[in-house]
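K.L.:
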Amino acid sequence: MGAASSAPVAIHWFRNDLRLSDNPALAAAAAHGRVIPVAIEDPALVAAHPAGAAFAWWRGRALAALDRALGGTLRALRGDPAEALRALAARHGASLITWTRAYEPWTIARDTAVKAALAGARLQARSANGALLWEPWETLKPDGAPYRVFTPFYRRGCLGAAPPRRPLPAPHLDLVPRAPDEPGLAAPDEAPWQARLGRLWRIGEDAAHDALQGFVQERLAGYAKGRDFPALGRTSRLSPYLAHGQLSPNQVWHAVEAAGPPEDVAKFRAELGWREFSAHLLFHFPKLAHAPLRPEFAAMPWRDDPEGLEAWRRGRTGVPLVDAGMRELWQTGYMHNRVRMVVASFLTKNLLIDWRAGARWFADCLVDHSPASNLASWQWVAGSGADAAPYFRVFNPAAQAAKFDPQGDYIRRFVPELARLPDRWLGAPWSAPAEVLAQAGLRLGRDYPRPLVDLAASRQRALDAHRALGAKAAAEEREAQAQGEAP
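By the UniProt record's numbering, the letter at position 156 of the sequence shown is numbered 156, and the numbering carries on one by one without gaps.
1. Among the candidates 64, 429, 30, whose CA atom is the shortest distance from the CA of residue 449?
2. Please confirm if residue 83 has its CB atom under 9 Å from at least one CB of chain C.
3. Pop quiz: residue 364 and residue 53 are said to be a contact at Cβ under 8 Å. What is the actual Cβ separation, rounded to whole angstroms?
4. Using the Cβ count rule (16 or more neighbours within 10 Å means buried), how would you classify residue 169?
5. Are the beta-carbon atoms belonging to residue 104 and residue 291 less than 9 Å from one another?
6. On the DSSP bridge assignment, give the partners of residue 127 in chain order.
7. Using the Cα positions of residue 180 and residue 71, report the straight-line distance between them to the nearest angstrom.
8. Going by DSSP, what residues sit across from residue 37 in a beta bridge?
9. Excluding the five sequence neighbours on either side, which residues of its own chain have a C-beta within less than 7 Å of the C-beta of residue 410, listed in chain order?
10. Label residue 518 either buried or exposed according to how many other C-beta atoms from any shown protein chain fall within 10 Å of its C-beta, with 16 as the threshold for buried.
11. Starting from the Cα of residue 406, find the closest Cα among 394, 422, 393 and give me that residue.
12. Which same chain residues, not among the five before or five after residue 408, have their C-beta less than 7 Å away from its C-beta?
13. What do you reckon, are the CB atoms on residue 442 and residue 350 nearer than 9 Å?
14. Decide if the stretch 104-115 is in contact with the stretch 212-230; the criterion is three or more beta carbon pairs, one per stretch, under 8 Å apart.
15. Buried or exposed, going by whether 16 or more other CB atoms sit within 10 Å of the CB of residue 251?
16. Alpha carbon to alpha carbon, what distance is there between residue 415 and residue 435?
17. Inspect the CB distances between the stretch 334-341 and the stretch 300-310 and report whether three or more fall short of 8 Å.
18. Tell me, please, whether the stretch 242-260 touches the stretch 278-289 by the rule of three or more beta-carbon pairs shorter than 8 Å.
19. From the DSSP output, in three-state form, read off residue 467 for me.
20. Which of the three DSSP states is assigned to residue 487 in this structure?
21. Of all the options 155, 279, 16, which has the alpha carbon lying nearest to the alpha carbon of residue 373?
22. Taking only three categories from DSSP, how would you classify residue 334?
23. Whole angstroms is fine: what's the gap from residue 62's alpha carbon to residue 396's?
24. Whole-angstrom Cβ separation of residue 134 and residue 257, contact assumed at under 8 Å?
25. Quick check: the stretch 366-383 against the stretch 308-317, are there 3 or more CB pairs under 8 Å?
26. Given that a residue counts as buried once 16 or more other Cβ atoms are within 10 Å of its Cβ, and exposed if not, what is residue 200?
27. So which of 127, 322, 446 has the shortest CA-CA distance to residue 400?
28. Taking the C-alpha atoms as reference points, what is the distance between residue 361 and residue 352?
29. As a quick exercise: from 128, 77, 437, 37, pick the residue whose alpha carbon is nearest that of residue 43.
30. Below 8 Å, can you find three or more Cβ-Cβ pairs linking the stretch 16-27 to the stretch 159-179?
31. Is it the case that the Cβ atoms of residue 96 and residue 29 are separated by a distance below 9 Å?
32. Measure the CB-CB distance between residue 15 and residue 102 and report whether it falls below 9 Å.
33. Counting only runs that start and end within the stretch 106-189, where is the beta strand (DSSP E) found for 3 or more residues in a row?
34. My output table needs one value for residue 85: the three-state DSSP class, helix, strand or coil.
35. Work out the CA separation of residue 206 and residue 65 for me, nearest whole Å.
36. So the alpha helix (DSSP H) residue 357 belongs to, where does it begin and stop?
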């Protein structure tokens with residue numbers, strides 16, 4: 001911090017890149033000269049695309065950890081980013097502003113306007129990729145079109161491209177001290193639910209690297225099979241650190257290299273590939289954010305069922321694996337990956353409730369919320385998106401519980417009112433004989449809800465609705481072709 005005051009000054013705008021290591025945009029600022037770190041709350045962007053409560057909780061603590069790593073020099077501003085950056089640059093004589101690129105269409109539009117405004121003020125703005133392994137324009141088909149199916153995207157678009165770059169070390173930072181009148185971070189609130197989450201998660205760049213090393217050393221071996229069993233804890237649980245940029249995907253990709261059995265490394269890297277695919281889809285198909293990617297799904301007869309939606313949100317559907325997943329989400333800000341698919345299938349197929357309602361709830365409750373991954377995954381389960389699951393794929397939550405939670409450890413953890421029920425009946429208590437329920441001290445409808453829907457009948461209802469969509473789409477296509485051929 002003792003550099004001459006005449007040294008060039010750069011501003012680094014921290015967004016979802018809350019780390020010092022492997023941060024190419026921050027490294028560019030450090031190479032330019034003295035560095036002013038800043039975080040900016042953009043009210044317009046927040047109003048249009050608000051961060052969920054759980055995500056915002058994590059971000060507040062991640063920023064606090066980052067500020068500590070920066071020696072208390074992080075400026076915390078609020079307002080239009082272009083105006084805030086121009087004023088900060090004018091005050092300190094900065095000539096370069098850097099940030100890590102984002103790929104959501106609304107953020108791209110905002111950042112394009114910010115770059116233009118800074119250029120008008122004769123300020124250089126430079127963005128860099130620190131969020132993805134490959135840029136969305138680097139993973140196109142040979143004909144230049146974007147992929148819509150995951151397997152060729154990953155095998156050809158990703159693995160056929162140049163390997164992900166090696167992680168960068170944290171740069172030496174000559175930080176400009178924060179003046180007393182420059183706002184720093186406010187002390188975070190601590191509501192009871194936030195205190196509960198705080199006991200479950202460690203937040204910060206050091207914590208992120210500890211979590212990565214813990215996964216590599218303890219859970220990578222056996223990942224390919226173990227990841228499907230929610231009670232085993234074999235998933236990486238790295239997604240919150242990736243979502244907030246406390247780890248880079250490059251750091252994760254290279255950390256697992258030759259660190260476990262090849263099948264486990266390949267499966268885990270493919271999950272990073274799905275993250276890339278989700279970003280690729282939202283970048284190339286912006287309507288993914290608000291509309292079905294498959295146009296025929298615009299006519300899907302979604303049900304208006306506020307009571308069913310609320311029961312699903314609260315884990316009171318009467319279907320144990322669904323309720324366990326939704327309670328895990330509510331209690332921890334996280335949900336096991338397989339269970340995410342099961343609860344999404346139950347909402348969109350068995351309850352026939354619009355996937356957008358589920359995506360909104362996940363966005364509000366997940367500490368690892370990523371718009372691209374959330375939207376792409378919900379549309380995949382609903383059948384309306386790219387690489388969509390076939391319409392006839394309806395996850396049976398009772399069968400999924402029997403297969404992937406056979407001893408019922410996961411269900412018993414989050415649905416303790418079923419704890420005394422024998423394993424055989426735990427995934428479908430409505431099918432248990434009356435004497436079994438009595439021995440377990442369980443009365444359905446009093447101690448635990450009866451199922452909102454019959455699984456078989458509601459599955460058939462979903463299949464009928466999807467078949468009708470397909471038939472309607474085929475008829476409209478035939479009609480359009482006929483009209484095109486008419487004289």
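Using N, Cα and C, we set each Cβ at its ideal position, and we do this for glycine too. Please read these numbers as outputs of a predicted model, since none were measured by experiment.
P.N.:
Result, derived from the coordinates:
1. 429
2. Reference to chain C is not applicable here, since this structure consists of a single protein chain.
3. Sure, about 6 Å apart at Cβ, within 8 Å.
4. exposed
5. no
6. 99
7. 14 Å
8. 12
9. 230, 231, 324
10. Given that the chain is displayed from residue 1 to residue 487, the structure contains no residue 518 and the question cannot be resolved.
11. Here the closest residue by C-alpha is 422.
12. 423, 426
13. No.
14. no
15. Buried.
16. 21 Å
17. no
18. Short answer: they don't touch.
19. helix
20. Low local confidence applies: a pLDDT of 29 at residue 487 is under 50, so the model's placement there is unreliable, and no value is given.
21. 279
22. Three-state DSSP puts residue 334 in coil, outside helix and strand.
23. 38 Å
24. About 17 Å separates the two Cβ atoms, so there is no contact after all.
25. no
26. Per the 10 Å Cβ criterion, exposed.
27. 322
28. Approximately 16 Å between the Cα atoms of the pair.
29. 77
30. Contact between the stretch 16-27 and the stretch 159-179 is established, with three or more Cβ pairs separated by less than 8 Å.
31. Contact: yes.
32. yes
33. The qualifying runs are 124-128.
34. It is helical.
35. 9 Å
36. For residue 357, the enclosing alpha helix (DSSP H) begins and ends at 355-365.
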